[in-house]
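For the sequence shown, the numbering used here gives the first residue as 1179, with consecutive numbering after it.
Note that beta-carbon positions come from the ideal geometry of N, C-alpha and C, so glycine has one too.
In this text the structure is predicted, and so the values were computed from the model without any measurement.
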Amino acid sequence: MSKNKGKLIVIDGTDGSGKATQVAKLKERLTSEEYQVCSLDFPRYYDNFFGGFIGECLAGKHGNWAELDPKIASVVYAADRFESSAQIRTWLEEGSIVILDRYVSSNQIHQGGKIKDLEERRTFMSWLDTMEHEVFKIPRPDAILYLDVSVEITQKLLKKKSAQESKQYLDGEGDQHENNIEHLTKARESGLKMIAENNNWIRIGCSREGDIFSIDDIHEVVYRKALEIINS
1179 MSKNKGKLIV
1189 IDGTDGSGKA
1199 TQVAKLKERL
1209 TSEEYQVCSL
1219 DFPRYYDNFF
1229 GGFIGECLAG
1239 KHGNWAELDP
1249 KIASVVYAAD
1259 RFESSAQIRT
1269 WLEEGSIVIL
1279 DRYVSSNQIH
1289 QGGKIKDLEE
1299 RRTFMSWLDT
1309 MEHEVFKIPR
1319 PDAILYLDVS
1329 VEITQKLLKK
1339 KSAQESKQYL
1349 DGEGDQHENN
1359 IEHLTKARES
1369 GLKMIAENNN
1379 WIRIGCSREG
1389 DIFSIDDIHE
1399 VVYRKALEII
1409 NS
């Protein structure tokens, strides 16, 4: 089923919430329904120059990345997206449904979360929007589906994930964001604030009373929301 106009859907959320899994399941299902679907994940640790540099930073090779000034960190993440922006733009012009695992939203979540004062945070978000979309001309998303789980569950999921897989870009070190409870808490607060203030941010609750929903249950909600966006 081809569409005349492409759509850009971002799946973001708390660390360990299963973003990559949901991107893969959504892509598979939409493709089976004859949509033209393309996907990317960010940061692009193994494909982009700046993606590789971000991997080094998260591994602690360039100081305390989690404490770095949010504007400075944001420029590096935006540069990684800029490297892939021409490809994203081409897909959209071809009418594809483009599904991204993290995007500009991750700067808004993780870097915005570093700023306590809400007015200062809004000023930062405006600066960030200008840099990402006007200076780098990175395509704007149609919607951000935010997978939300509590920080307590996030910690459990990250520990389980860490035991099951090794991230090559970390070179045996821990991820400075994922290992920082305060950062995880502030990032989630920033994400929920974005949902409250932006119509194209959609919260998808992934847990209840300390238990996370099944992958398939979360997928059904993601799928329904994605169809609404595609058909809008």
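Is it the case that the Cβ atoms of residue i and residue j are separated by a distance below 9 Å?
i, j, result
"Val1400", "Gly1194", "no"
"Leu1335", "Gly1196", "yes"
"Thr1332", "Thr1192", "yes"
"Tyr1223", "Gly1238", "no"
Would you mind reading off the limits of the beta strand (DSSP E) that contains residue i?
i, result
"Lys1239", "Lys1239 -> no beta strand (DSSP E), and no H or E assigned at all."
"Tyr1324", "1321-1326"
"Gly1191", "1185-1191"
Name the residue from the options whose alpha carbon lies nearest to the alpha carbon of residue i.
i, options, result
"Phe1220", "Ala1257, Gly1241, Thr1308, Leu1362", "Ala1257"
"Tyr1324", "Ile1331, Leu1370, Asn1285, Asn1358", "Leu1370"
"Asn1376", "Thr1308, Ile1393, Gln1286", "Gln1286"
"Ser1284", "Lys1203, Gln1214, Ser1368", "Ser1368"
"Lys1185", "Tyr1281, Val1254, Asp1320, Lys1292", "Asp1320"
"Val1188", "Ile1396, Arg1318, Tyr1213, Ser1392", "Arg1318"
"Val1329", "Val1313, His1361, Leu1306", "His1361"
"Thr1268", "Leu1204, Ser1217, Val1201", "Ser1217"
"Asp1395", "Cys1384, Leu1405, Ala1237", "Cys1384"
"Lys1337", "Ser1392, Ile1359, Arg1280", "Ile1359"
"Phe1231", "Glu1272, Lys1183, Glu1261, Gln1214", "Glu1261"
Taking DSSP as the reference, what is the three-state secondary structure of residue i?
i, result
"Gly1388", "coil"
"Asp1395", "helix"
"Ser1180", "Reliability fails at Ser1180, whose pLDDT of 48 lies under 50, so the model's placement of it is uncertain and the value that follows must be treated cautiously. If DSSP states are grouped into helix, strand and coil, Ser1180 belongs with coil."
"Arg1381", "strand"
"Ile1293", "coil"
"Ser1217", "strand"
"Arg1402", "helix"
How far does the alpha helix (DSSP H) with residue i in it reach, from first residue to last?
i, result
"Arg1299", "1296-1307"
"Asp1258", "1248-1271"
"Val1313", "Careful: Val1313 lies outside any alpha helix (DSSP H) and carries neither H nor E."
"Lys1274", "Going by the sequence as given, residue 1274 is Ser instead of Lys. No alpha helix (DSSP H) holds Ser1274; DSSP gives it neither H nor E."
"Ser1410", "Unbroken run through Ser1410: none, as it is neither H nor E."
"Ile1359", "1359-1375"
Is residue i near the ligand PLP, with its Cβ less than 8 Å from a heavy atom?
i, result
"Ser1284", "In the structure shown, the ligand PLP is absent, as is every other ligand, since no ligand is present at all."
Note to self: Counting beta carbon pairs with one atom in the stretch 1267-1278 and one in the stretch 1234-1248, are three or more of them shorter than 8 Å?
What the structure shows: Verdict: no, contact absent.
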